[in-house]
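Down below is the structure, laid out as structure tokens.
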Amino acid sequence: MPSLDDLRKRITSVKSTQKITKAMKMVAAAKLRKAQENAEKGRPYSEKMNNVILNLSKSITDKENAPKLLVGTGEEKVHLCIVLTADRGLCGGFNTNIIKKAKSYFEKIISENKTLKIITVGSKGYDQLKRQYKSYIVENISFKESKNINYFDADKVGKIIIEKFEKNEFDVCAIFYNKFKNVITQIPQEQQIVPLNEDKDDKDDSGNDNDYEFEPDEDEILSNLLPKNISTQIFKAMLENSASEQGSRMTAMDNATRNAGELVDRLTIEYNRSRQAAITKELIEIISGAESL
Amino acid sequence: MSNLFNIDIVNPEQSFLSKDNVFEVVIPAVEGEIGILKDHIPIISFLKPGIIRVFSESEEQSFYVEDGIVEFKDNTLSVLTSSIFDLKNADKNFVSESISSAEAELSKDNIDDQKRFLLNHKVEVLKSISIN
């Protein structure tokens, strides 16, 4: 049985932890709003970009000579995986969920005897993956210094990918990130960006049969556009990720605060009980002492 | 009948400009400037460094862009660009920095003709901005 003093110390310590988690929750909530706004603001760009590419790829008839970034190299041997995670922890299952999703993909690739290459963006992902997949990690990028997510950073990652593609270092490229659904739910996503998945364009075929005028020709526009699209996709993933991270942190910290509250309650009861027991014990001692006289 | 159409300029971070009362837009497309009026046929093109001029009923606005994609469809002109600023609040330092970095790039030997052309053009446009 812990002494009264121990209990008192414990209660104060839990209370101060609770204060910290509460503050972190507030901060995350404020940041979440901003991140969410940013994610929404960034959406038109990637949507329009997708549209344009969709229209373009439809008008390309000569599939054989189409840019490789669109149709792929024709092989599927080397897979490059971009794992986007946060730079900071204490955000619940946020990082772990992405890693889990990525790991199952890695295992699939390895079991199929294909070559795996990993680029991690964000230091938490690197920390978690380096134990098991150290030899596969080709690059580890972190944007700890930049305060806000900006396109410039995403473009850097995009350029690295393009560079590697041009050197024929991979055939298929997929990115992993958390999609922000709402504050409580974030869905880990796996998205293939090279070659572009074409299964989407079945959806809106209606009214999209515009004959565009292209200047210069389609191929040139596409080869100019596709690298940009990669950066855009990365940027989109980063925005979604940051909103998810804050949302996830907010819920995690909210839970922590609540748990701390429960713990404080329990400890207080225990404290009161043992204080009462001590008093009773003293009383008994006094009374029995008086009786024996 | 009105001869107005919509313009949306978006950059990755946000929607930069959205208007529904423009009657002419001049864009620096890669093969020369294009003036776009209402009911232009659908077109997709991409930009070279230059100045986008937006003429609306009340005012005329000019923006410097470095690169980007334009799409015109259903009387909506969408401009996607990652680098754009309003000429009115152009940052002198930024402009001169861009000029010097472009010139540094130009002085390298290993650039191809197309890139050289684009860079030359960029310097030209930026210089014209800094004079004004």
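These protein sequences, in sequence, are chains H and R.
Take the first sequence: its position 258, counted from the start at 1, is 259 in the numbering used here, and no numbers get skipped.
Take the second sequence: its position 30, counted from the start at 1, is 124 in the numbering used here, and no numbers get skipped.
Idealized CB from N, CA, C, for every residue including glycine.
Keep in mind it's a predicted model, so treat the numbers as computed, not measured.
Within 10 angstroms of its Cβ, does ASP6/H collect 16 or more other Cβ (buried), or is it exposed?
-> Walking along the first sequence from the start, residue 6/H turns up at place 5. Per the 10 Å Cβ criterion, exposed.
Flag GLY43/H as yes if its beta-carbon sits less than 7 Å from any beta-carbon of chain R, otherwise no.
-> Here residue 43/H corresponds to residue number 42 of the first sequence, with the count starting at 1. For GLY43/H, the answer is yes, since a Cβ of chain R falls inside 7 Å of its Cβ.
For SER192/R versus TYR152/H, is the C-beta distance shorter than 7 Å?
-> In the second sequence, the residue the question calls residue 192/R occupies position 98. In the first sequence, the residue the question calls residue 152/H occupies position 151. It is not a contact, given that the beta carbons lie outside the stated cut-off.
Taking Cβ-Cβ distances shorter than 9 Å, what residues in chain R pair up with ILE99/H?
-> By 1-based counting over the first sequence, the position of residue 99/H is 98. Chain R residues near ILE99/H: none, gap ~22 Å exceeds 9 Å.
Between GLY129/R and ASP168/R, what straight-line distance do the alpha-carbon atoms span, to the nearest angstrom?
-> In the second sequence, residue 129/R corresponds to position 35, counting from 1. In the second sequence, residue 168/R corresponds to position 74, counting from 1. Approximately 16 Å between the Cα atoms of the pair.
According to DSSP, residues forming a beta bridge with GLN1/H = In the structure as shown, chain H starts at 2 and stops at 294, and residue 1/H therefore has no counterpart that could be examined.
DSSP-derived helix/strand/coil call for HIS215/R | Taking the first residue of the second sequence as position 1, residue 215/R is located at position 121. Correct three-state label for HIS215/R: helix.
Assess, as a yes-or-no matter, whether the segment 76-83 of chain H is touched by the segment 161-178 of chain H under the definition of 3 or more beta carbon pairs within less than 8 Å.
-> yes
For PRO68/H, which beta-bridge partners are listed by DSSP?
-> Position 67 of the first sequence holds residue 68/H. BP columns for PRO68/H are empty, so no partner.
State the CB to CB distance for the pair VAL122/H and ILE100/H, rounded to an integer number of angstroms; the pair is presumed to be in contact (CB under 8 Å).
-> Walking along the first sequence from the start, residue 122/H turns up at place 121. Walking along the first sequence from the start, residue 100/H turns up at place 99. No, VAL122/H and ILE100/H are not in contact; Cβ-Cβ is about 13 Å, not under 8 Å.
Give a yes or no on whether the minimum CB-CB distance between VAL116/R and chain H is below 7 Å.
-> By 1-based counting over the second sequence, the position of residue 116/R is 22. Answer no: the Cβ-Cβ gap between VAL116/R and chain H never drops below 7 Å.
Within chain R, the residues that ASN56/H reaches when beta carbons sit closer than 9 Å | Working through the first sequence from its first residue, we reach residue 56/H at position 55. The contacting residues are PRO136, ILE138, GLU165, LYS167.
Could you tell me whether any Cβ in chain R is nearer than 7 Å to the Cβ of ILE222/H?
-> Numbered from its first residue, the first sequence carries residue 222/H at position 221. Interface residue, yes.
Hey, does PHE181/H have any beta-carbon neighbour from chain R nearer than 7 Å?
-> Indexing the first sequence from 1 puts residue 181/H at position 180. Chain R, which has no Cβ nearer than 7 Å to the Cβ of PHE181/H, makes this no.
Residue span of the beta strand (DSSP E) that contains THR22/H, given as start and end = Reading the first sequence from its first residue, position 21 is the one you call residue 22/H. Unbroken run through THR22/H is the alpha helix (DSSP H), 5-60; no beta strand (DSSP E).
CA-to-CA distance, SER136/H to GLU108/H, given in whole angstroms = Here residue 108/H is taken as the residue at index 107 of the first sequence, counted from 1. Here residue 136/H is taken as the residue at index 135 of the first sequence, counted from 1. Answer to the nearest angstrom: the Cα atoms are 14 Å apart.
With a threshold of 16 other CB atoms inside 10 Å of the CB of THR170/R, please say whether the residue is buried or exposed.
-> By 1-based counting over the second sequence, the position of residue 170/R is 76. So THR170/R counts as exposed.
May I ask you to report which of helix, strand or coil DSSP gives LYS142/R?
-> As a first step, residue 142/R must be located in the second sequence, where it is residue number 48. The answer is coil: DSSP assigns LYS142/R none of H, G, I, E or B.
Reference LEU70/H; option with closest CA among GLN277/H, GLY290/H, GLY159/H, ILE288/H | As a first step, residue 70/H is located in the first sequence; it is residue number 69 there, counting from the start. Per the Cα distances, GLY159/H.
Just tell me which of GLU219/H, THR116/H, LYS182/H has its CA closest to the CA of SER243/H.
-> The residue you call residue 243/H lines up with position 242 of the first sequence. Cα-wise, what sits closest to SER243/H is LYS182/H.
Which value, in whole angstroms, describes the spacing of the CA atoms of ILE280/H and ARG9/H?
-> Locating residue 280/H in the first sequence gives position 279, counting from the first residue. Locating residue 9/H in the first sequence gives position 8, counting from the first residue. Distance between the alpha carbons of ILE280/H and ARG9/H: 17 Å.
Using 7 Å as the limit for Cβ to Cβ distance, is ASN225/H near chain R?
-> Against the first sequence, residue 225/H aligns to sequence position 224. Yes, its Cβ sits closer than 7 Å to a Cβ of chain R.
Backbone CA spacing between GLU77/H and ILE162/H [nearest angstrom] = To locate residue 77/H, count along the first sequence from 1; it is residue 76. To locate residue 162/H, count along the first sequence from 1; it is residue 161. Roughly 16 Å separates the two Cα atoms.
Taking contact to mean at least 3 C-beta pairs separated by less than 8 Å, is the segment 179-196 of chain R in contact with the segment 142-158 of chain R?
-> yes
Between THR18/H and MET254/H, is the Cβ-Cβ spacing less than 7 Å?
-> Start at 1 with the first residue of the first sequence, and residue 18/H comes out as number 17. Start at 1 with the first residue of the first sequence, and residue 254/H comes out as number 253. Result no, Cβ atoms of THR18/H and MET254/H do not sit closer than 7 Å.
List, in order along the chain, the chain H residues whose C-beta lies closer than 8 Å to that of PRO143/R?
-> Taking the second sequence and counting its residues from 1, the one referred to as residue 143/R is at position 49. In chain order: nothing, as chain H lies at least about 14 Å away.
Are the segment 99-116 of chain R and the segment 252-272 of chain H in contact at 8 Å, needing three or more beta carbon pairs?
-> no
Of all the CB atoms in chain R, is at least one closer than 7 Å to the CB of ASN166/H?
-> Position 165 of the first sequence, counting from 1, holds the residue named residue 166/H. Checking the sequence shown, residue 166/H turns out to be Phe, not Asn. False, the Cβ-Cβ gap to chain R never drops below 7 Å.
For LYS24/H, count neighbouring C-beta atoms within 10 Å of its own C-beta (all shown protein chains included) and say buried if the count is 16 or more, exposed if not.
-> In the first sequence, counting from the first residue as 1, residue 24/H sits at position 23. Note that residue 24/H is Ala in the sequence shown here, rather than Lys. With fewer than 16 other Cβ atoms within 10 Å, it is exposed.
Could one say the Cβ of GLN108/R lies closer than 7 Å to chain H's Cβ atoms, at least one of them?
-> Mapped onto the second sequence, residue 108/R falls at position 14. It does: the Cβ of GLN108/R has a partner Cβ on chain H nearer than 7 Å.
Within 10 angstroms of its Cβ, does LYS204/H collect 16 or more other Cβ (buried), or is it exposed?
-> Looking up residue 204/H in the first sequence gives position 203. Low confidence applies here, because LYS204/H scores a pLDDT of 45, under 50, leaving its location unreliable and the question unanswered by this model.
Using a C-beta cutoff of 7 Å, does PRO217/H count as contacting chain R?
-> Within the first sequence, the letter at position 216 stands for residue 217/H. Chain R contact via Cβ: present.
Do you know whose CA, among SER224/R, GLU197/R, LYS186/R, GLU165/R, lies nearest ASP133/R's CA?
-> For this step, residue 133/R is matched to residue 39 along the second sequence. The shortest C-alpha separation from ASP133/R is found at GLU165/R.
DSSP three-state call for GLN190/H: helix, strand or coil?
-> Position 189 of the first sequence, counted from the first residue, corresponds to residue 190/H. If DSSP states are grouped into helix, strand and coil, GLN190/H belongs with the strands.
Nonlocal neighbours in the same chain, by C-beta distance under 8 Å from ALA123/R, ignoring five residues either side | Along the second sequence, read from residue 1 onward, the residue named residue 123/R stands at position 29. Correct list, in chain order: SER139, PHE140, LEU141, LYS142, VAL164.
Taking 8 Å as the threshold, find out whether the segment 227-238 of chain H comes into contact with the segment 38-50 of chain H through three or more Cβ pairs.
-> yes
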